[in-house]
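All you need for my numbering is the position in the sequence shown, starting with 1, plus 5. Just so it is clear, CB atoms sit at the ideal spot from N, CA and C, and this is done for glycine as well. No experiment lies behind these values; they were computed from the predicted model shown.
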Amino acid sequence: MTDHIVYAMIKIYDNEAHADAFLNYGEMFCRTLGEFKNEGDEHRRDEYEGVTDWHQPDQIKLAITYRDKNGIEKTTPIEELAGPVITQNTAYDPINLFCMYAIKVEDFKEDYSTDEERKSAIERINKSFAEQTKVNEKSFGMGNFAVMVTNVPVFMEKIRKNFSDNAYEFRDGLVKY
């Protein structure tokens with residue numbers, strides 16, 4: 006497995022006042038997980054936030070029984086469903102989230118013996134770095150204002166300290182899709 010480092014983080018805003026408050030005062034406008042599930046903005050919405058279980062119809066046994074508008078009981082076997090059964094824990098909906106775009110780059114390790122090998126390694130690294138630091142174009146639909154954090158370790162330490170000093174619970178990490 007290749008090691009990666011977070012080279013920079015970008016927060017994209019659709020509200021200039023929120024961008025200014027973050028940049029100038031360190032204010033972090035958060036939304037709840039529930040808001041992201043129901044967000045009207047297609048670029049921010051993720052109806053799969055907080056999924057706890059994802060079951061394919063051929064991997065579980067389940068029948069959905071209900072009464073129709075006439076009170077007649079009906080049962081639908083799971084095999085007849087068009088897609089997976091998704092379970093979301095709504096207890097997570099009020100959790101505040103502050104999401105940023107992480108620019109991850111490979112932690113480059115190159116060995117070389119000659120000047121020619123060194124130049125070749127530099128070319129490979131530069132080409133790879135340029136490719137890895139491109140921002141996904143889908144992100145541009147999230148807003149017209151952005152703040153970039155380039156000293157990620159210091160930034161994250163300040164956040165951790167602030168949360169700790171104020172007795173707030175805090176978790177961070179890269180999203181895994």
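Measuring alpha carbon to alpha carbon, tell me which residue in the options is nearest residue i.
| i | options | result |
| --- | --- | --- |
| Y71 | T81, I65, N167, Q64 | T81 |
| G31 | E174, N43, V154 | V154 |
| D8 | K42, Q61, K114 | K114 |
| W59 | I91, E47, K79 | I91 |
| P89 | K74, E111, G76, T57 | T57 |
| S144 | K132, M105, P158 | M105 |
| Q179 | K79, K132, Q93, V157 | Checking the sequence shown, residue 179 turns out to be Leu, not Gln. The shortest C-alpha separation from L179 is found at V157. |
| T95 | K166, I130, G55 | G55 |
Check this for me: beta carbons of residue i and residue j, under 7 Å apart or not?
| i | j | result |
| --- | --- | --- |
| I15 | A135 | no |
| F168 | F175 | yes |
| I108 | A13 | yes |
| V110 | Q93 | no |
| D112 | I10 | yes |
| A24 | Y18 | yes |
Excluding the 5 residues flanking residue i on each side, which residues of the same chain have their C-beta closer than 6 Å to its C-beta?
| i | result |
| --- | --- |
| N20 | none |
| P62 | I83, E84, L86 |
| I69 | T81 |
| I164 | none |
Which of helix, strand or coil does DSSP assign to residue i?
| i | result |
| --- | --- |
| Y173 | coil |
| Y106 | strand |
| K181 | coil |
| H184 | No answer is possible for residue 184: it lies beyond the span of the chain, which begins at 6 and ends at 182. |
| F41 | helix |
| H94 | A small correction: the amino acid at residue 94 is Asn; His does not occupy that position in the sequence shown. Looking at N94 - three-state DSSP - the assignment turns out to be coil, as it is neither helix nor strand. |
| N75 | coil |
| M153 | strand |
| M147 | helix |
| Y12 | strand |
| I164 | helix |
Using C-beta distances below 7 Å, list every residue in its chain close to residue i, excluding the 5 sequence neighbours before and after it, in chain order.
| i | result |
| --- | --- |
| R50 | F41, E44 |
| M6 | Its pLDDT being 48, under 50, M6 is placed unreliably in this model, and the coordinates cannot settle the point. |
| E52 | K42 |
Beta-carbon within less than 8 Å of residue i's beta-carbon, same chain only, minus the 5 sequence neighbours each way: which residues are those?
| i | result |
| --- | --- |
| E47 | G146 |
* Give a yes or no on contact between the stretch 24-40 and the stretch 99-117, applying the rule of three or more CB pairs nearer than 8 Å. => Touching, per the Cβ criterion.
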